[in-house]
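First up is the structure itself, then whatever we jot down about it.
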Amino acid sequence: MNPAISLSDQLSLIRIKPEDQPQLFDLMNEVYRASYRYIWHDEGDWYVDLIYRPETVLKELSRSRSHYFFVEWKDEKLGILKYDFPFSPREVEIPNSMKLHRLYLHPNAHGTGIGKLLIDHCILIAKENQLESIWLEAMECQAQAMRFYQKLGFQKVLTYTLGFEQMIPDYRQIQIMKLSLS
């Protein structure tokens with residue numbers, strides 16, 4: 217049994233299980249590429265395969281700090297949410313915090329309020345676990361995502377450059393952003 221976490225009458229989180237990997241791969245092959253294909257020389261083939269292949273998914277699911285879900289709206293899977301805690305970035309210390317690791321929604325869901333409901337859920341979980349902050353990494357080339365997180369109170373902490381050779385150099389800048397919960 218895989219009980220859903222209900223966030224509203226139409227929005228649920230469904231915990232991802234190891235046997236869900238093929239469905240996760242197919243969903244993210246569509247959802248991730250819809251927003252990010254332009255930043256990759258290969259339209260995201262390498263990245264989608266790396267992150268959503270069975271070995272990677274199984275490794276992530278085996279970590280006790282990882283919480284990985286399908287986002288389901290009106291009984292349709294339209295994205296994913298993954299958060300990890302406690303977790304601090306390597307690049308800058310953010311103690312006693314949650315990493316909002318993955319929040320990807322199909323472009324049809326953008327602007328619907330679903331993203332805010334998901335962030336509200338993360339804030340609730342972080343506070344229940346006495347965490348001091350939530351942090352994430354956002355691609356600087358994704359202006360819509362950057363505006364969304366800033367509107368919710370996330371502040372820029374550090375910018376660095378990803379070393380992925382498969383990524384077009386102009387799009388390698390990534391921003392660590394933090395939301396203080398105190």
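Just so it is clear: in the sequence shown, position 109 is 325 by our numbering, and no numbers are missing. Don't be surprised by glycine CBs; every beta carbon is placed ideally from N, CA and C.
By the Cβ criterion, the region 225–245 is in contact with the region 286–301, since at least three pairs of Cβ atoms, one from each stretch, lie closer than 8 Å. Within the DSSP secondary-structure output, residue 313 pairs in a beta bridge with 349.
Rounded to the nearest whole angstrom, the CA to CA distance from residue 358 to residue 332 is 17 Å. The Cβ-Cβ distance between residue 330 and residue 342 does not fall below 8 Å.
The alpha-carbon of residue 323 is positioned some 25 Å away from that of residue 380.
Counting other Cβ atoms within 10 Å of its Cβ, residue 334 reaches 16 or more and is therefore classed as buried.
For residue 297, the uninterrupted beta strand (DSSP E) run begins and ends at 292–300, by DSSP.
Assigned with DSSP and collapsed to three states, residue 286 falls in strand. Exclusion of the five residues before and after residue 279 leaves 300 as the residues of its chain whose Cβ lies within less than 8 Å of its Cβ. Between residue 241 and residue 268 a beta carbon distance of about 4 Å is seen, short of the 8 Å cut, so the two are scored as contacting.
The Cβ-Cβ distance between residue 256 and residue 382 falls below 8 Å.
In this chain, residue 272 is not harboured by any beta strand (DSSP E); it is covered by the alpha helix (DSSP H) spanning 270–278. Closest in alpha carbon position to residue 378, among 370, 235, 392, is 392. In the structure shown, residue 394 adopts extended strand secondary structure according to DSSP, grouped into three states. Distance check between residue 347 and each of 277, 370, 308, 303 places 303 closest, using alpha-carbon atoms only.
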